[in-house]
């Protein structure tokens, strides 16, 4: 990110969600973003994912600026490059674990045999093979978050964006999920930005960054 | 994929949604059919008279009860340029005694024009004192082959057939030939009571042997009718015919005439109001319903969008789901409405008009799609991360 700002509204009602934020992250590195509620963490993730356009500044991927024109181009960018893990997993409740993974290639066009094989392999890596036919309501909190991470890896993303992945898990399960995530990031040489409130989780990241009122107050790299 | 999976994965939820919409659809259709049935019950016999136009006596406000045309009038009407064919229609009010049960009815005399009546059972009249009757009279105890007493004028009619949707002012119509009509009508006008009808009939039929009625009124009525139904030459309009009559007679199409007189304009206005209000409320409820149910899926829609779905894909999935749900609801609603209609007593007004039901069902689909469209548009207007955040808190 280079000098990225995001403003909502205009004039005296203007709210600044991000204020001239710059950061660089190498492949295979995990960045933890800390900050209180309303500090701009979610806005930052949304801009990197192409869900929001910055008011100024630019996002670069492998040194090249990403210029997304319109919702369709942004959706295409996400399908090809971004893996997203939400705080509350947001698995589709009426799809099985396997179908949740296959949703990613389905949205990209068509589910082929190679996609099925990849989904099965990911579920196996995440120790979820026996749970692949279960719907989210029949999975534990930790299993759901693992399925969510596996889903985010389905498109072999360059950038992984993770929002509070351990917020709804106890310490032990949270630690396991984080270890799993770190292992995948390093193995696949992905760039990962993780938003967290938990300093213990942040302490295990390769880099940290603290936001307050949209500004970087502590670049721990 | 998602639309089907969600439908199949939540059968109970969507079944209840479809049932709720189905009930609203049924209510809308029932209101339409019952109010339309009221109009049919009031005007069915008049509005379905075969012909391009009905001709009434001047200044009678297209009222079947008030109009009276003489033999000369009928001849004038038949000879008017543009009239291809004309026949007289006689109207009389009567009470019918069906073995102790007395009910109001109307008698319509038709001059050799019985083939316009759709027969449910039996046959058309072939002789004097024979009648084809609207099937709602069955509820009053009338059966095929019955001989019914006319009151107070006396005389019998034999029921030889049943037709349908031929009521007038909510009473069943007895279709008879013109001599029989004239017999009943003149007896009614003269205030005759049981035992005197046969004499009047003789005069009407011009039968010298039976002509014991010397009333000047009966002689004047002979060969006349209440109104004339006319078929027009090709290219001739009702307005053309009215112009050619030069104000001597009143003219209207059967449908327009049916909705005139007897307070019908006010009733039609009220019925149209009922139909429009019930349709508007029904369609709005369905629109709001889908607006809310779509809003409830904010998190799911936002998650799918964040995963890389295009807006077009989300619209297609949502609309496919709504199309399936509304179609199931419409079928349920129609079955319910038709079932309710079938279980109603025959005398109860119920007329499921294809056009009116079509409009109702189109409105249901349109409002369902519009409701979800506004909802989805709002959801897609928020960035998914914010939408997910809102859904979580």
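Protein chains in written order, with the working numbering: chain V, 1 to 221; chain D, 1001 to 1393.
A virtual CB, placed ideally from N, CA and C, is assigned to each residue, including glycine.
Just tell me which of D:1023, D:1228 and D:1093 has its CA closest to the CA of residue 1058 of chain D.
The residue labelled residue 1058 of chain D in the question sits at position 58 within the second chain. Residue D:1228 is the option with its Cα nearest to residue 1058 of chain D.
Using a Cβ-Cβ distance under 8 Å, would residue 191 of chain V count as near chain D?
Indexing the first chain from 1 puts residue 191 of chain V at position 191. False, the Cβ-Cβ gap to chain D never drops below 8 Å.
Measuring straight from C-alpha to C-alpha, what distance separates residue 118 of chain V and residue 47 of chain V?
Counting from 1 along the first chain, the entry for residue 118 of chain V is found at position 118. Counting from 1 along the first chain, the entry for residue 47 of chain V is found at position 47. Going by the C-alpha atoms only, they are around 28 Å apart.
Name the chain V residues whose beta carbon is nearer than 7 Å to that of residue 1309 of chain D?
Here residue 1309 of chain D is taken as the residue at index 309 of the second chain, counted from 1. Neighbours of residue 1309 of chain D on chain V, chain order: 75 and 107.
Scan the region 1252-1268 of chain D for residues whose Cβ lies nearer than 7 Å to a Cβ of chain V and list them as they occur along the chain.
none
Which residue wins for smallest C-alpha separation from residue 65 of chain V, given the options V:98, V:50 and V:165?
Start at 1 with the first residue of the first chain, and residue 65 of chain V comes out as number 65. Among V:98, V:50 and V:165, the Cα nearest to that of residue 65 of chain V is on V:50.
Does residue 1400 of chain D come out as helix, strand or coil in the three-state DSSP assignment?
A query on residue 1400 of chain D cannot be resolved here, the shown segment of chain D reaching from 1001 to 1393 and no further.
Going by CA-CA distance only, name the one from D:1074, D:1024, D:1044 and D:1130 that's closest to residue 1351 of chain D.
Along the second chain, one-based indexing puts residue 1351 of chain D at 351. Residue 1351 of chain D has its Cα closest to that of D:1044, out of D:1074, D:1024, D:1044 and D:1130.
What residues match up with residue 87 of chain V in a beta bridge as DSSP calls it?
Taking the first chain and counting its residues from 1, one reaches residue 87 of chain V at position 87. Answer is none; residue 87 of chain V lacks a bridge partner.
Span of the alpha helix (DSSP H) around residue 1074 of chain D
As a working note, residue 1074 of chain D is residue 74 in the second chain. 1071-1079 is the span of the alpha helix (DSSP H), which, as asked, contains residue 1074 of chain D.
Can you look up residue 1362 of chain D in the DSSP assignment and give me helix, strand or coil?
Numbered from 1 along the second chain, position 362 holds the residue referred to as residue 1362 of chain D. DSSP places residue 1362 of chain D in helix when its eight states are reduced to three.
Measuring alpha carbon to alpha carbon, tell me which residue in D:1047, D:1313 and D:1023 is nearest residue 1108 of chain D.
By one-based count along the second chain, residue 1108 of chain D stands at place 108. Minimum Cα distance to residue 1108 of chain D is reached at D:1047.
Could I get the ranges of all uninterrupted alpha helix (DSSP H) runs contained in the region 1272-1336 of chain D, with 4 residues as the minimum, in chain order?
1298-1306
Mind checking whether residue 1031 of chain D and residue 1278 of chain D have CB atoms under 8 Å apart?
Taking the second chain and counting its residues from 1, one reaches residue 1031 of chain D at position 31. Taking the second chain and counting its residues from 1, one reaches residue 1278 of chain D at position 278. Cβ distance < 8 Å, so residue 1031 of chain D and residue 1278 of chain D count as in contact.
If you compare alpha carbons, which of D:1236, D:1007 and D:1056 is closest to residue 92 of chain V?
Taking the first chain and counting its residues from 1, one reaches residue 92 of chain V at position 92. When only C-alpha atoms are compared, the closest one is D:1007.
Using a 10 Å radius around the Cβ and a threshold of 16 neighbouring Cβ atoms, would you call residue 1356 of chain D buried or exposed?
One-based indexing of the second chain puts residue 1356 of chain D at position 356. Buried.
Run through DSSP, which three-state label would residue 1167 of chain D get?
Here residue 1167 of chain D refers to the residue found at position 167 when the second chain is read from its first residue. In the structure shown, residue 1167 of chain D sits in a strand (DSSP, three-state: E or B).
The beta strand (DSSP E) with residue 191 of chain V in it runs from where to where?
Residue 191 of chain V sits at position 191 when you count from the first residue of the first chain. First-last of the beta strand (DSSP E) with residue 191 of chain V: 191-195.
So, is the C-beta of residue 1297 of chain D closer than 8 Å to a C-beta in chain V?
For the purposes of this step, residue 1297 of chain D is taken as residue 297 along the second chain, with counting starting at 1. With 8 Å as the cut-off, residue 1297 of chain D does not count as an interface residue toward chain V.
Should the region 74-87 of chain V be called in touch with the region 145-152 of chain V, which here means at least 3 C-beta pairs below 8 Å?
yes
Taking all protein chains shown into account, decide if residue 1084 of chain D is buried (16 or more other Cβ within 10 angstroms of its Cβ) or exposed.
On the second chain, position 84 is the one that residue 1084 of chain D refers to. Residue 1084 of chain D comes out exposed.
Are the region 1124-1139 of chain D and the region 1167-1175 of chain D touching by the rule of at least three beta carbon pairs closer than 8 Å?
yes
Beta carbon proximity, residue 197 of chain V to chain D, threshold 8 Å
Along the first chain, one-based indexing puts residue 197 of chain V at 197. No, its Cβ sits nowhere closer than 8 Å to a Cβ of chain D.
Every unbroken beta strand (DSSP E) within the region 59-143 of chain V, with a cutoff of 3 residues, ordered by chain
82-85
Identify the residues that DSSP records as bridge partners of residue 1122 of chain D: which are they?
As a position in the second chain, residue 1122 of chain D is number 122, starting the count at 1. For residue 1122 of chain D, which the question treats as bridged, DSSP gives the partners D:1161.
With a cut-off of 8 Å, does the C-beta of residue 1011 of chain D fall near any C-beta of chain V?
Working through the second chain from its first residue, we reach residue 1011 of chain D at position 11. Answer no: the Cβ-Cβ gap between residue 1011 of chain D and chain V never drops below 8 Å.
Looking only at C-alpha atoms, which of V:59, V:11 and V:75 sits nearest to residue 5 of chain V?
Locating residue 5 of chain V in the first chain gives position 5, counting from the first residue. For residue 5 of chain V, the nearest C-alpha among the options comes from V:59.
Going by alpha carbons, who is nearest to residue 45 of chain V out of V:188, V:72, V:124 and V:17?
Counted from its first residue, the first chain places residue 45 of chain V at position 45. Checking every option, the nearest Cα to that of residue 45 of chain V belongs to V:17.
Listed in chain order, which residues of the region 42-53 of chain V have Cβ atoms closer than 9 Å to some Cβ of chain D?
42, 43, 45, 46, 49, 51 and 52
Measuring only between beta-carbons, confirm whether residue 1018 of chain D sits less than 8 Å from chain V.
One-based indexing of the second chain puts residue 1018 of chain D at position 18. Judged by the 8 Å Cβ criterion, residue 1018 of chain D is not in contact with chain V.
Below-8 Å beta-carbon distance, residue 1313 of chain D vs any chain V residue:
On the second chain, residue 1313 of chain D is found 313 positions in, with the first residue counted as 1. Closer than 8 Å: yes.
8 Å Cβ cutoff, residue 1306 of chain D in contact with chain V
By 1-based counting over the second chain, the position of residue 1306 of chain D is 306. Answer yes: the Cβ-Cβ gap between residue 1306 of chain D and chain V drops below 8 Å somewhere.
Does chain D have any CB closer than 8 Å to the CB of residue 209 of chain V?
Reading the first chain from its first residue, position 209 is the one you call residue 209 of chain V. No, no contact with chain D.
Rounded distance between the beta-carbons of residue 1153 of chain D and residue 1133 of chain D, thought under 8 Å:
Working through the second chain from its first residue, we reach residue 1133 of chain D at position 133. Working through the second chain from its first residue, we reach residue 1153 of chain D at position 153. Not quite, the Cβ-Cβ distance comes to about 18 Å (not below 8 Å), so this is no contact.
Check whether chain V comes within 8 Å of residue 1036 of chain D, counting only Cβ atoms and requiring the distance to be less than that.
Against the second chain, residue 1036 of chain D aligns to sequence position 36. Cβ-Cβ to chain V under 8 Å: no for residue 1036 of chain D.
Quick check on DSSP: helix, strand or coil for residue 6 of chain V?
The sequence position of residue 6 of chain V within the first chain is 6, counting from 1. Residue 6 of chain V falls in the strand class under three-state DSSP.
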